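Following: one structure in structure tokens, then a few remarks.
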Amino acid sequence: MHDRLAYSGKFMHRLGESKGNEMIYLDNAASTPVFTEVIHDYPAIMKSAFPNASALHQAGAEIRRKLEQASAEFMRTLNINQDGTKIIWTSGGTEANNLAIQGYAQSNNVSELSMVTSTTEHSSCYAPMKRLQNGSAHVSWAKVTPDGKIDLENFSAMLSKKTNLVSICHVQNETGATQELVMIRTLMDKYSPRAKLHVDSIQAFGKIDIPWDAARIDLLSLSSHKIHGPGGVGALVIRDAMVSLKPLIEGGGQQYNLRSGSLDAAGILGFTRAAQIATGKRSEFLNQTTTLNRRLRELLSSLHNRDRILTKVEINSPVDGSPYILNFSLPGYEAAVIMRMLGDQGIIVGTGSACSAESRNPSRILTAMGKNSKISFGAIRVSFGAYNTIGEIEELCSKLQSVLSEY
Ligand SMILES: Cc1ncc(COP(=O)(O)O)c(C=O)c1O
Numbered sequence: 020m021h022d023r024l025a026y027s028g029k030f031m032h033r034l035g036e037s038k039g040n041e042m043i044y045l046d047n048a049a050s051t052p053v054f055t056e057v058i059h060d061y062p063a064i065m066k067s068a069f070p071n072a073s074a075l076h077q078a079g080a081e082i083r084r085k086l087e088q089a090s091a092e093f094m095r096t097l098n099i100n101q102d103g104t105k106i107i108w109t110s111g112g113t114e115a116n117n118l119a120i121q122g123y124a125q126s127n128n129v130s131e132l133s134m135v136t137s138t139t140e141h142s143s144c145y146a147p148m149k150r151l152q153n154g155s156a157h158v159s160w161a162k163v164t165p166d167g168k169i170d171l172e173n174f175s176a177m178l179s180k181k182t183n184l185v186s187i188c189h190v191q192n193e194t195g196a197t198q199e200l201v202m203i204r205t206l207m208d209k210y211s212p213r214a215k216l217h218v219d220s221i222q223a224f225g226k227i228d229i230p231w232d233a234a235r236i237d238l239l240s241l242s243s244h245k246i247h248g249p250g251g252v253g254a255l256v257i258r259d260a261m262v263s264l265k266p267l268i269e270g271g272g273q274q275y276n277l278r279s280g281s282l283d284a285a286g287i288l289g290f291t292r293a294a295q296i297a298t299g300k301r302s303e304f305l306n307q308t309t310t311l312n313r314r315l316r317e318l319l320s321s322l323h324n325r326d327r328i329l330t331k332v333e334i335n336s337p338v339d340g341s342p343y344i345l346n347f348s349l350p351g352y353e354a355a356v357i358m359r360m361l362g363d364q365g366i367i368v369g370t371g372s373a374c375s376a377e378s379r380n381p382s383r384i385l386t387a388m389g390k391n392s393k394i395s396f397g398a399i400r401v402s403f404g405a406y407n408t409i410g411e412i413e414e415l416c417s418k419l420q421s422v423l424s425e426y
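Numbering-wise, our numbering comes out as the position in the sequence shown, counting from 1, plus 19.
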């Protein structure tokens, strides 16, 4: 059993500045608290994993051996057992996504680039795609349905024999909407048989199944701090030599010359340990999270405002999405204000994506799902991690009720 207390009470108190002496953390899609087991092992790892893995001496060779073992172990957590598959360690999910999209684009003649993606990608895919589109690449943006699923008819219409890359976010980070990757690959086989498939599984890894073989994923992006691993580490998994990429970071030629720079061995070993725990306990965590998600949906339906008039909570997350994310709107209330008021009471929730938190524009993702700006401005994201409890969800709703009465 995990040491929940360490996170839900004492630990969070040290982390935050809330007025009370406890903090309830419900913004796990932005970043997760590191697993206690990883924290426990980390000092010893840091003490021993400092030599440079590229150095020719024995100490460097020893780190190289440990990192090779870590890569093999990491592949096991993904159920990948095929020759030629490589892991490129990166600084996080953003770099992995950039390497996949820009690295692929740079290894091809730009005028021949024809890519298909969706309107609800994370900004670390959306921005490089936009940049390529503003160059001379051809980029098509598949629409999503009101529940955030890619509209497969619209997607099919965008595929052609010329399509060379399809890039899809597996679990959408604001809503939890989950894409049918096997169906996407089936359509690609029909209309774009040569196209490679890049999947951003950053919110899926360790939580739901990643159909690496069934969807023949060519490039897979992952991030450590979303699965209770240390921050500043990510990975791009590359199926085989048929997927050609150009490096975005050049230098000493490390990592098959695809990503130069000395490796953060301690971070990679910590990420691998977190991946082992998250995937080993995946069904336990999934069951627990499904229960929390159900309870939250139930409690949200009985919220009311000061005049005791029922506040119609609009749930923006689809029922069949990832249970780890529940996005809802309180129309007429500004999410940023609610978030601050809850924060004052020691409850941390998100408003859409952390990466666009500075933006005062309505959520691009909710807008793409057809939500109006009232809904998009009022959207709050609760995202669960391995340490959350039913008691915390009940506390959130009781505090949310008092916030609505004070608003
Ligand atoms: C779906 C998705 N892709 C990419 C990223 C970027 O990952 P990182 O924070 O590791 O750069 C995130 C982070 O929120 C995400 O949720």
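All C-beta atoms in this analysis are idealised placements derived from N, C-alpha and C, irrespective of residue type, glycine included. On a predicted model such as this, the values are computed, not experimentally measured, just so you know.
Return yes when the C-beta of His141 is under 6 Å from any heavy atom of ligand 1, and no when it is not. The residue you call residue 141 lines up with position 122 of the sequence shown. Relative to ligand 1, the nearest heavy atom lies less than 6 Å away from the CB of His141.
Any heavy atom of ligand 1 closer than 6 Å to the beta-carbon of Asn192? Your numbering for residue 192 matches position 173 in the sequence shown. Because some heavy atom of ligand 1 lies under 6 Å away, the Cβ of Asn192 counts as near it: yes.
Exposed unless 16 or more other CB atoms sit within 10 angstroms - verdict on Gly248: Here residue 248 refers to the residue found at position 229 of the sequence shown. Around the beta carbon of Gly248, a 10 Å sphere encloses 16 or more other beta carbons of the protein chains shown; the residue is thus reported as buried.
Do you know how far the Cα of Asn116 is from the Cα of Ser126? The count along the sequence shown starts at 1 and reaches residue 126 at position 107. The count along the sequence shown starts at 1 and reaches residue 116 at position 97. Here the alpha carbon of Ser126 sits roughly 15 Å from the alpha carbon of Asn116.
Is the beta carbon of Ser110 less than 7 Å from the beta carbon of Val129? The residue labelled residue 110 in the question sits at position 91 within the sequence shown. The residue labelled residue 129 in the question sits at position 110 within the sequence shown. No, these two residues do not count as a Cβ contact at 7 Å.
Contact belief for Ala284 with Lys85 at Cβ below 8 Å, rounded distance in angstroms: Here residue 284 refers to the residue found at position 265 of the sequence shown. Here residue 85 refers to the residue found at position 66 of the sequence shown. That belief holds up - the Cβ atoms of Ala284 and Lys85 are roughly 7 Å apart, short of 8 Å.
Is the segment 65 to 80 touching the segment 384 to 393 in the sense that three or more CB pairs, one from each, lie closer than 8 Å? Put simply, the segment 384 to 393 does not touch the segment 65 to 80. Fewer than three CB pairs are less than 8 Å apart.
Rounded distance between the beta-carbons of Gly112 and Ile221, thought under 8 Å: In the sequence shown, residue 221 corresponds to position 202, counting from 1. In the sequence shown, residue 112 corresponds to position 93, counting from 1. So it is a contact: roughly 4 Å between Cβ atoms.
Going by Cα to Cα distance, which pick from Pro266, Ile287, Gly286 is closest to Leu277? Locating residue 277 in the sequence shown gives position 258, where the first residue counts as 1. Out of Pro266, Ile287, Gly286, Pro266 has the C-alpha closest to the C-alpha of Leu277.
What residues in its chain sit with their C-beta under 7 Å from that of Pro381, if we drop five residues either side in the sequence? Locating residue 381 in the sequence shown gives position 362, counting from the first residue. Within its own chain, the residues whose Cβ lies closer than 7 Å to the Cβ of Pro381, once the five positions on either side in sequence are excluded, are Ser392, Ser395, Phe396, listed in chain order.
Can you confirm whether the segment 198 to 207 touches the segment 223 to 241 when touching is taken to mean that 3 or more C-beta pairs between the two stretches lie within less than 8 Å? Counting Cβ pairs under 8 Å, three or more are found: they touch.
Start-to-end residues for the alpha helix (DSSP H) that takes in Thr55: Within the sequence shown, residue 55 is the residue found at index 36, counting from 1. In the DSSP assignment, Thr55 falls within the unbroken alpha helix (DSSP H) covering 55 to 67.
CB contact flag (Ser279, Gly270, <7 Å): In the sequence shown, residue 279 corresponds to position 260, counting from 1. In the sequence shown, residue 270 corresponds to position 251, counting from 1. For Ser279 and Gly270, yes; Cβs fall inside 7 Å.
Delimiting residues of the beta strand (DSSP E) encompassing Asn173: Within the sequence shown, the letter at position 154 stands for residue 173. Counting along the chain, Asn173 falls outside any beta strand (DSSP E), though it belongs to the alpha helix (DSSP H) covering 171 to 177.
Check the DSSP bridge columns for Arg400 and list the partner residues they point to. The residue labelled residue 400 in the question sits at position 381 within the sequence shown. Looking at the DSSP assignment, Arg400 forms a beta bridge with Asn346, Gly369.
Near Pro350, what residues of its chain come up, given a Cβ to Cβ distance below 7 Å and the 5 sequence neighbours on each side ignored? Translated into positions along the sequence shown, residue 350 becomes position 331. The beta carbon of Pro350 lies closer than 7 Å to those of Lys331, Glu333, Lys393, Ile394, Gly397 in the same chain, with the five residues before and after it left out.
Is DSSP giving His247 helix, strand or coil here? By one-based count along the sequence shown, residue 247 stands at place 228. If DSSP states are grouped into helix, strand and coil, His247 belongs with coil.
Rounded to the nearest angstrom, what separates Gln101 and Ala91 at their Cα positions? The residue you call residue 101 lines up with position 82 of the sequence shown. The residue you call residue 91 lines up with position 72 of the sequence shown. Spanning the two alpha carbons is a distance of roughly 11 Å.
To which residues of the same chain is Thr51 closer than 7 Å at the C-beta, ignoring the five residues directly before and after it? Locating residue 51 in the sequence shown gives position 32, where the first residue counts as 1. Counting only residues of its own chain and dropping the five nearest sequence neighbours on each side, Thr51 has a CB closer than 7 Å to the CB of His244, Lys245, Ile246, His247, Gly404.
Nearest to Asp166 (by Cα), restricted to the options His157, Thr197, Lys180, Gln152: Taking the sequence shown and counting its residues from 1, the one referred to as residue 166 is at position 147. For the set His157, Thr197, Lys180, Gln152, the Cα lying nearest the Cα of Asp166 is the one of Thr197.
Please give the ranges of any alpha helix (DSSP H) in the segment 113 to 157, keeping only runs that are unbroken, at least 4 residues long and fully inside the region. For the segment 113 to 157, whole alpha helix (DSSP H) runs of length 4 or above, ordered along the chain, are 142 to 153.
Hey, how far is the Cα of Glu36 from the Cα of Ile169? Your numbering for residue 36 matches position 17 in the sequence shown. Your numbering for residue 169 matches position 150 in the sequence shown. Note that Glu36 scores a pLDDT of 45, beneath 50, so its modelled location is shaky and nothing firm can be said.
Quick test of the definition: if touching needs 3 or more C-beta pairs under 8 Å, does the segment 255 to 265 touch the segment 71 to 82? No, the segment 255 to 265 is not in contact with the segment 71 to 82.
According to DSSP, is Val201 part of a helix, a strand, or is it coil? As a position in the sequence shown, residue 201 is number 182, starting the count at 1. Reduced to three states, the DSSP call for Val201 is helix.
Roughly how many whole angstroms lie between the Cα atoms of Thr408 and Glu56? Taking the first residue of the sequence shown as 1, we reach residue 408 at position 389. Taking the first residue of the sequence shown as 1, we reach residue 56 at position 37. When only Cα atoms are considered, Thr408 and Glu56 end up about 19 Å apart.
Considering Cα atoms alone, identify which of Glu87, Lys215, Ser143, Arg95 is closest to Ser133. The residue you call residue 133 lines up with position 114 of the sequence shown. The shortest Cα separation from Ser133 among Glu87, Lys215, Ser143, Arg95 belongs to Lys215.
Nearest neighbour of Leu427, chosen from Phe290, Gly369, Ile268, Thr310 [CA to CA]: The requested residue 427 does not occur in the structure, where the chain is confined to residues 20 to 426.
Please state if the CB of Ile366 and the CB of Glu193 are separated by a distance shorter than 7 Å. The residue labelled residue 193 in the question sits at position 174 within the sequence shown. The residue labelled residue 366 in the question sits at position 347 within the sequence shown. Cβ distance not < 7 Å, so Glu193 and Ile366 don't count as in contact.
Whether Val135 touches Val190 by CB criterion (7 Å): Indexing the sequence shown from 1 puts residue 135 at position 116. Indexing the sequence shown from 1 puts residue 190 at position 171. Cβ distance not < 7 Å, so Val135 and Val190 don't count as in contact.
Start and end of the beta strand (DSSP E) containing Arg219? In the sequence shown, the residue the question calls residue 219 occupies position 200. Note on identity: in this sequence residue 219 is Asp, with Arg being the wrong assignment. Element bounds for Asp219: 215 to 219.
8 Å contact criterion, which Trp160 and Ile287 should meet: CB distance rounded: Here the question's residue 160 lines up with position 141 in the sequence shown. Here the question's residue 287 lines up with position 268 in the sequence shown. Between the beta-carbon of Trp160 and that of Ile287 there is about 34 Å, and that puts the pair past the 8 Å contact cut.
Could you check where the alpha helix (DSSP H) with Thr104 kicks off and where it finishes? Your numbering for residue 104 matches position 85 in the sequence shown. Run containing Thr104: none; DSSP gives neither H nor E here.
For Cys416, which residues in the same chain have their Cβ closer than 6 Å to its Cβ, ignoring the five residues on either side in sequence? Here residue 416 is taken as the residue at index 397 of the sequence shown, counted from 1. Leu318.
Using the beta-carbon count (16 or more within 10 Å), is His323 buried or exposed? To locate residue 323, count along the sequence shown from 1; it is residue 304. Taking all protein chains in view, the Cβ of His323 is surrounded by fewer than 16 other Cβ atoms within 10 Å, so the residue is classified as exposed.
Quick one: does the C-beta of Asp363 sit closer than 6 Å to a heavy atom of ligand 1? By 1-based counting over the sequence shown, the position of residue 363 is 344. In this structure, ligand 1 has no non-hydrogen atom nearer than 6 Å to the beta-carbon of Asp363.
Apart from the five residues just before and just after Val53, which ones in its own chain have a Cβ nearer than 7 Å to its Cβ? The residue you call residue 53 lines up with position 34 of the sequence shown. Spatial neighbours of Val53 in its own chain (CB-CB distance under 7 Å, excluding positions within 5 residues in sequence) are listed in chain order as His247, Gly248, Pro249.
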